[in-house]
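If you read the protein sequences in the order shown, they are chains B and L.
Read in order, the letters of the first sequence correspond to residues -19 to 140 in the numbering used here.
Read in order, the letters of the second sequence correspond to residues -19 to 140 in the numbering used here.
Glycine included, C-beta positions come from ideal geometry on N, C-alpha and C.
Encoded as structure tokens, the structure appears first; notes follow it.
Protein chains: 2
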Amino acid sequence: MKPPSPVAALVLRILTLISISISFIVLITNTTTLSSDYGKVKLHFKDVYSYRYMVFTLVVGFAYTLLQIAFTIYQVCMGKRLSSGDGLYQFDFYGDKVISYVLATGVGAAFGATIDLKEASSGANKFFNKGSAAASLLLLAFLFTAVSSVFSSLALPKKI
Amino acid sequence: MKPPSPVAALVLRILTLISISISFIVLITNTTTLSSDYGKVKLHFKDVYSYRYMVFTLVVGFAYTLLQIAFTIYQVCMGKRLSSGDGLYQFDFYGDKVISYVLATGVGAAFGATIDLKEASSGANKFFNKGSAAASLLLLAFLFTAVSSVFSSLALPKKI
């Protein structure tokens, strides 16, 4: 397998950014009102620790992917990379590795909490279904970043 | 950063296997009895979906790490790899990548469910504290595998 062209790499990053953005919007707009014996309780993503962690991973993933898109656009337009040394290849390699791991733990936390809390609570099905949708989009973003990570690993050797 | 010697790689794999094994033992021996209005209820890892997934990731991680230990012992003893082609380097590269991602999602699910369910349930603190201990050991195994994955990525180029 060979590293893709800069344009293909750019498309992959843009797909990642879109998945992250939609996941974020679905997650933070997700609220529901539960009726209990003590009155009504509003449920928000902040009430679930795993969803808070998910927001953290989405924000980190968004910032990193945006930076990579800027770098790749420069490369596509100028026909060369921003820096001529090995630094940028090393940055891609370690950056993709770390960010894809962060997203992977976010995927685990998001699905884990969604499935177990849905089981434990009643009346919040809709809330957790939306949580599940956001988790699926995060999974997609993780898979895109994992593919980018394979590419940046394969691109590394040529320059060292 | 350069790939480590086969002996250092072997030590890393053995540490991974130890972490996975202890995590597994802590997780599957973890039970507690809860008193409710309807009598006593026994809580086991099987009752938490995230813990079931955690067992899956531990079993997959154990099998893969054991295989890698066998390969590395062969390499240390014989002074060469089992296969002379590129196949084994490719296997290390993709294997480490996939397994470390599987473990990362396991870490996320384990911590996510532990923290959120501990908050939602009362009287099962001890059960979730043990779950947290198992999750920490899985985190350790994931970190070891992530380091192995960096090494197998760096080792790849020389052979292609």
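Whole angstroms are fine: how far does the CA of residue j sit from the CA of residue i?
i	j	result
residue 51/L	residue -5/L	16 Å
residue 130/L	residue 100/B	39 Å
residue 152/B	residue 75/B	No answer is possible for residue 152/B: it lies beyond the span of chain B, which begins at -19 and ends at 140.
residue -10/L	residue 9/L	29 Å
residue 103/B	residue 96/B	14 Å
residue -8/L	residue 46/L	12 Å
residue 116/L	residue 1/B	30 Å
residue 26/L	residue 105/B	22 Å
residue 140/L	residue 70/L	At residue 140/L the pLDDT is 44, less than 50, meaning the model places this residue with poor confidence; the figure from the coordinates comes in the next sentence. Each residue's Cα considered, the two are about 9 Å apart.
residue 24/B	residue 12/B	7 Å
residue -2/B	residue 41/B	11 Å
residue -12/B	residue 14/L	55 Å
residue 118/B	residue 83/B	7 Å
residue 61/B	residue -18/L	24 Å
residue 136/B	residue -15/B	14 Å
residue 48/L	residue 5/L	21 Å
residue 98/B	residue 108/B	6 Å
residue 57/L	residue 94/B	48 Å
residue 55/L	residue 55/B	41 Å
residue 59/L	residue 59/B	44 Å
Assuming residue i contacts residue j under a Cβ cut-off of 8 Å, what Cβ separation, rounded to an integer in Å, is found between them?
i	j	result
residue 31/B	residue 7/B	6 Å
residue 86/B	residue 29/B	About 12 Å separates the two Cβ atoms, so there is no contact after all.
residue 133/L	residue 73/L	6 Å
residue 89/L	residue 89/B	7 Å
residue 92/B	residue 111/L	With a Cβ gap of about 11 Å, residue 92/B and residue 111/L do not count as contacting.
Cβ pair count under 8 Å reaching 3, the segment 54 to 66 of chain B against the segment 123 to 132 of chain B: no
Segment contact flag, the segment 107 to 125 of chain B with the segment 31 to 50 of chain B, C-beta cutoff 8 Å, min 3 pairs: yes
Touch test, the segment 9 to 24 of chain B against the segment 78 to 85 of chain B, Cβ-Cβ under 8 Å, three pairs minimum: no
Contact list for the segment 29 to 43 of chain L against chain B, Cβ threshold 8 Å: 29, 30 and 33
Length at least 3, wholly inside the segment -6 to 68 of chain L: the beta strand (DSSP E) runs in chain order: 11 to 16 and 19 to 24
Members of the segment 89 to 100 of chain L that neighbour chain B once the beta carbon cut-off is set at 8 Å: 89, 90, 91, 92, 93, 95, 96, 97, 99 and 100
Alpha helix (DSSP H) runs contained entirely in the segment 91 to 136 of chain B, provided each spans 4 or more residues: 105 to 135
Where the segment 6 to 30 of chain L meets chain B: residues whose CB sits under 7 Å from a CB there: 28, 29 and 30
The segment 52 to 67 of chain B: positions lying closer than 7 Å to chain L by Cβ: none
Near-chain B residues of the segment 101 to 120 of chain L - C-beta to any C-beta below 8 Å: 101
Short-range partners of chain L found in the segment 125 to 136 of chain B, where Cβ spacing is below 8 Å: 126, 129, 130, 133, 134 and 136
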